[in-house]
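The structure appears below as structure tokens.
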Amino acid sequence: MNGTINCIYQVGARSVLSREWWEATNISSTGSKFYYVEKGAIVVQIYGQTITAGPGDLMLIPPRVVHSCWMTEDNYAEKCWCHFSMRNSAGEFFERFELEPVLHVPDREVVGKLFDQLFASHDMPAPQRDLAATTALCGLVQYYLDHTKVSPREYSTDRVIKVIDYINRHYTENLSLEQLAEVAGYSTTHLSKRFREVTGRPPVQYLNLIRIDRAKYLLQYTVDPIGSIMEQCGFTSAAYFARVFKKMLGYSPQAFRELNRTEIVRK
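Quick note: the sequence shown uses my numbering, first residue 497, plus one each step.
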């Protein structure tokens, strides 16, 4: 680890789930996520595994890890969830480690209280809200790390992390594999090999994942034309943007916008 860790809570809640509305395929997030099942069960497909998480199971999903979620045949679950960012000077904290995807919590009361404290922060005034949320969230992260197997990645990842950070800061630009290799100080072939070893995908696919994640947000929460969104996310070809978007999400950009547009934008 390098330097101070910055932990920021973004959003979270206790939710009652049913198949009617909770099912997602090949999704990812720019931040980390916790899922904690209190009742019922959910299924999460991640790292090539299909995991059924039941009461007392806590899952941590790192940034930009593609995963799918759905209900079991019982069609019912109650879970706590939250999205957050945890970074140090090297970038996203959890991208530097191999993590167990699920922890069966030995003391459910402790974890339940930490989520209670996290959600109670929603009703507090600032700055108490931010302090309470950060304290509870750091408690959850510490509990997870204390009770599960965490190890540094098998491969030296410093140069790959440098490229990941560069992509995150420059994804709106017309990046090439040659540029990314220059950032890492590798040949294009060696970068592609190392990048896949660390992230599970080639550099260009990772770049597109970041761009599409941003495009999803803009389609949902703005009224910007799709052509403008394409350019804001670093794409130069409308056909290529549409093809990559549909391959990742199963919908065209226009269809995704119509299905997911927020009420605020509709008004």
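We treat Cβ as the ideally placed atom computed from N, Cα and C, and that holds for glycine.
Cβ neighbours of residue i in the same chain (closer than 6 angstroms, five flanking residues each side left out)
{"i": "ARG710", "result": "CYS729"}
{"i": "LYS763", "result": "For LYS763, the predicted model reports a pLDDT of 44, less than 50, meaning its position is unreliable; a value from the coordinates is still stated below. Excluding sequence neighbours, LYS763 sits near nothing in its chain."}
{"i": "ARG510", "result": "CYS576"}
{"i": "PHE611", "result": "CYS576"}
Three-state secondary structure assigned by DSSP to residue i
{"i": "TYR531", "result": "strand"}
{"i": "CYS634", "result": "helix"}
{"i": "THR684", "result": "helix"}
{"i": "GLY508", "result": "strand"}
{"i": "ASP553", "result": "strand"}
{"i": "PRO648", "result": "strand"}
{"i": "TYR713", "result": "helix"}
{"i": "ALA751", "result": "helix"}
{"i": "SER514", "result": "coil"}
{"i": "LEU599", "result": "strand"}
{"i": "ILE547", "result": "strand"}
Sequence-distant residues of the same chain with beta carbon closer than 7 angstroms to residue i, five excluded per side
{"i": "THR630", "result": "CYS503 and TYR505"}
{"i": "THR500", "result": "ASN584"}
{"i": "LYS600", "result": "Position check: residue 600 holds His in this sequence, whereas Lys was assumed. So the qualifying residues of the chain are GLY552 and ASP553."}
N-terminal and C-terminal residue of the beta strand (DSSP E) that residue i is part of
{"i": "ARG697", "result": "Taken as a continuous stretch (DSSP letters only), ARG697 belongs to no beta strand (DSSP E), as it is neither H nor E."}
{"i": "ALA573", "result": "573 to 584"}
{"i": "GLU594", "result": "593 to 595"}
{"i": "ASN522", "result": "520 to 523"}
{"i": "ILE538", "result": "538 to 542"}
Given residue i as reference, the closest of the options once Cα atoms are compared
{"i": "MET567", "options": "CYS578, PHE580, GLN541 and GLY587", "result": "GLN541"}
{"i": "GLU693", "options": "LEU673, LYS712, SER724 and ARG655", "result": "ARG655"}
{"i": "LEU636", "options": "GLN545, ARG510, MET555 and MET744", "result": "MET555"}
{"i": "ALA520", "options": "ARG753, LEU745, GLU754 and ALA751", "result": "LEU745"}
{"i": "ARG757", "options": "VAL700, LEU610, TYR717 and VAL679", "result": "TYR717"}
{"i": "CYS578", "options": "GLN750, GLU569 and SER617", "result": "SER617"}
{"i": "ARG697", "options": "GLY527, GLY544 and TRP518", "result": "GLY544"}
{"i": "PRO551", "options": "ARG604, THR526 and GLU669", "result": "ARG604"}
{"i": "TYR640", "options": "THR668, GLN624, PHE615 and VAL606", "result": "VAL606"}
Opening and closing residue of the alpha helix (DSSP H) in which residue i lies
{"i": "ILE722", "result": "722 to 728"}
{"i": "MET744", "result": "734 to 745"}
Should the segment 566 to 578 be called in touch with the segment 526 to 533, which here means at least 3 C-beta pairs below 8 angstroms?
With a cut-off of 8 angstroms, the segment 526 to 533 and the segment 566 to 578 count as touching, because enough Cβ pairs lie within range.
Taking three-plus beta-carbon pairs below 8 angstroms as touching, is the segment 698 to 709 in contact with the segment 722 to 740?
With a cut-off of 8 angstroms, the segment 722 to 740 and the segment 698 to 709 count as touching, because enough Cβ pairs lie within range.
Counting pairs of beta carbons, one from the segment 680 to 689 and one from the segment 631 to 647, are three or more of them closer than 8 angstroms?
Judged by Cβ distances under 8 angstroms, the segment 680 to 689 makes no contact with the segment 631 to 647, as fewer than three pairs qualify.
Tell me whether the segment 547 to 561 and the segment 586 to 597 touch, counting them as touching only if at least three CB pairs, one residue from each stretch, are closer than 8 angstroms.
Enough Cβ pairs lie closer than 8 angstroms, so yes.
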